[in-house]
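Numbering (full-length UniProt numbering), first residue to last: 1 to 202.
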């Protein structure tokens, strides 16, 4: 147990969720204008290298070669990140959305906090392997949250719920959540372990 700083095991979950919602909402709102920016999108590995010479193409992106084949495909395909993009910004606030998840799919504070680590990893992995930013905004943050909670609950907790329950609570068809869960894993290159030091950073 830490002598200094926050003990997330004892911190009230409702308060943690509120802080998490505020942080994510601030980030999403700040990023909303980036998708419509006039600058052209960064090219991806799949656009830069043909299938024949992709193995030899390592210009400034060496991390690409450490990925699983499935994650390479996901990171090199725009539809993977677009899978999280809703047609409209959800009417439910992020705080109410997280409180709803906490109420109907209660889980540990580590699970809620872990999604920050995963979001950061997704952004870093995308930038380091494709040269393109993974932008979290108001159109995708809700879906990223429910996918992240679904994945993290199964990894960190002995007790978790069915995807049909997570989907119902998250307001999505189960088939869609199943797809988002897979994309979330791929965009993290299946790297779900989080050290105590990483968790404490957040």
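All C-beta atoms in this analysis are idealised placements derived from N, C-alpha and C, irrespective of residue type, glycine included.
The structure presented is a predicted model; accordingly, all values stated were derived computationally and were not measured.
Which class does residue 175 belong to by DSSP, given the choice of helix, strand or coil? DSSP places residue 175 within a helical segment (H, G or I) once states are collapsed to three.
Have a look at residue 125 and residue 115 and give me their C-alpha separation to the nearest angstrom. Each residue's alpha carbon lies about 15 angstroms from the other.
Assuming residue 201 is part of the alpha helix (DSSP H), what are its boundary residues? For residue 201, the enclosing alpha helix (DSSP H) stretches over residues 196-201.
For the segment 140-151 against the segment 179-195, do three or more pairs of beta-carbon atoms, one drawn from each stretch, fall closer than 8 angstroms, so that the two count as touching? Yes: the two stretches touch, three or more of their Cβ pairs being nearer than 8 angstroms.
Consider the Cβ of residue 107: report whether some Cβ of chain B lies at a distance smaller than 9 angstroms. Chain labels in this structure do not include chain B; a single protein chain is all it has.
According to the neighbour-count rule (16 or more other Cβ atoms, all chains shown, within 10 Å of its Cβ), is residue 113 buried or exposed? Per the 10 Å Cβ criterion, buried.
Expected contact under 8 angstroms - CB spacing of residue 23 and residue 84 to nearest Å: For residue 23 against residue 84, the beta-carbon gap comes to about 18 angstroms, at or over 8 angstroms, which does not count as contact.
Does the distance from the C-beta atom of residue 16 to that of residue 135 stay below 9 angstroms? Going by C-beta atoms, residue 16 is not nearer than 9 angstroms to residue 135.
Are the beta-carbon atoms of residue 118 and residue 151 separated by less than 9 angstroms? Contact: yes.
Suppose contacts are defined by Cβ-Cβ distances below 9 angstroms. Is residue 94 in contact with residue 14 by that definition? No.
If we ignore side chains and look at the alpha-carbon of each, how far apart do residue 200 and residue 123 end up? So the two alpha carbons sit approximately 19 angstroms from each other.
Which residues in the same chain have their Cβ closer than 7 angstroms to the Cβ of residue 32, if we skip the five residues on either side of it in sequence? 137 and 138, listed in sequence order.
Within the continuous alpha helix (DSSP H) that includes residue 10, where are the two ends? Careful: residue 10 lies outside any alpha helix (DSSP H) and carries neither H nor E.
For the segment 137-175, list the alpha helix (DSSP H) runs that are entirely contained and at least 4 residues long, ordered along the chain. The qualifying runs are 141-156 and 163-170.
Could you give the DSSP three-state label for residue 28: helix, strand or coil? In the structure shown, residue 28 sits in a helix (DSSP, three-state: H, G or I).
Helix, strand or coil: how does DSSP classify residue 192 here? Residue 192: coil per DSSP, three-state reduction.
Going residue by residue through the segment 79-109, where are the continuous alpha helix (DSSP H) segments of at least 4 residues, counting only ones entirely within it? Segments of the alpha helix (DSSP H) lying fully in the segment 79-109: 94-104.
Does DSSP put residue 120 in a helix, a strand or coil? Three-state result, residue 120: helix.
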